[in-house]
Every structure is written in structure tokens, then in C-alpha cells.
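Worksheet for the structure shown next.
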Amino acid sequence: MAPPVRPIKDRILERIKKTDSGCWIWQGAIFKDGYGAIGIRRTGSKRAHRVAYEAFNGQIPNGLWVLHRCDTPECVKPEHLFLGTPSDNTKDMLSKGRRQVLRGESHPMSRFSERFVWALRKLDHFGIPITDLARMYGLSYFAVHQLCRGRGWSHIDDQKWTDVVKNEWRTTR
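Under the working numbering, residues 407 to 579 are what the sequence shown spells out, in order.
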């Protein structure tokens, strides 16, 4: 015979640690992305903040997400949780400055340095044909064209790099 089922609210309250900031930090299992995990009989593990929201506030309508006012993935305090669409989640993330933009060299798939892209653009500006630049560096015409026309690495400030090179030229003479 299976053990009796404890109320979900009790299970949640047994696994929290209250913090000075007011958060209820989940002390049970944690998913790889940092959100709490709670086992639900016959359905597997669920996100603890979603289960907490439903236990204390009621059912989550289809298509809505449970968002955090406190921006703490492990928090399950009902007052810190609110419903929103995926679009609301993105707007919340942007408004709180949590968007991590990986551009240029900081992107894990980057093959070029900012210095290389800037130099390529300058060579193009001085009239060296894109086909020649592509051949010189072993790149496709399309890749060089995109870089030279600012369709890739658009965040590079050409004036900043011009100043850097001028300063380096002055210090090496």
C-alpha cells in the first residue's frame, strides 16, 4: 500500500528557507537551469515555482507562465510569483537588464576578432575587391561581403577602432 499523500502546501513549506529579502528559497532538487524541482506522483518532476503558484493561488491557465518579481529562480513564495505570457517574460527580462547579448568575440561561435573585422572593412574601404579579400583570408565571398557591409558585427564602432590604430601607430614610432 502506498504511503498517504501529504498536502502539496505542506511539502513546499517543508523545503524552503526564508531569506532577508523575503524570498522562499527552494531547498529541494534543482533543475540544471536553476529552477526548483518537486516530484509529483505519477507525473514526474515539475518546476517548484509553478507547483507553488498553483498550490497557493490556483490553477495556471493554458499558455501562461509563472514569472518571478524577485528574479530568483529558486524562489517559490506565492507573493513573488505572477502570471504572464512568454512575451511578458521577455519584456520583464529586458526591463530588468537581464538580457545577455553575446556579440562579436564574446559569442562562442565567433571565428573573428574585432580587430580583424575592422581591418577587413578598412581594406574594403580602400578599394580592395571583396573577392580578393575572400581569397586572401580563405573566406567565402558572402562572409566577407556581410562583414564589410556591416550586416555582421554591426556593433563595431569604426571610429573607435580608427582611434585605437592611430594611438598604436603613434606609440610604435
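Glycine included, each C-beta is placed from N, C-alpha and C at the ideal position.
Could you work out which residue in Y547, L539, H513 and M542 is closest to R561 when comparing CA atoms only?
Reading off the sequence, residue 561 comes out as His, not Arg. It is H513 whose Cα lies nearest to the Cα of H561.
R579, DSSP secondary structure in three states
Model confidence at R579 stands at a pLDDT of 49, short of 50, so the residue's coordinates are unreliable; what they give is reported in the following sentence. Residue state, collapsed to three classes: coil.
Whose CA, out of V472, E511 and R509, lies closest to the CA of D494?
V472
Mapping the DSSP letters down to three states, classify P535 as helix, strand or coil.
Looking at P535 - three-state DSSP - the assignment turns out to be coil, as it is neither helix nor strand.
Would you mind reading off the limits of the alpha helix (DSSP H) that contains V457?
A454 to N463
G450 (DSSP reduced to helix, strand or coil)
Three-state DSSP puts G450 in a strand.
Should L553 go down as buried or exposed, given a rule of 16 or more other Cβ atoms within 10 Å for buried?
buried
Which partner residues does K423 have in the DSSP bridge list?
I431
Once DSSP output is grouped into helix, strand and coil, what is the label at W524?
helix
Going straight from the alpha carbon of K483 to that of V507, what length do you get?
29 Å
With hydrogens ignored, establish whether the beta-carbon of T491 is closer than 7 Å to any heavy atom of the ligand ATP.
The ligand ATP is not part of this structure, which contains no ligands at all.
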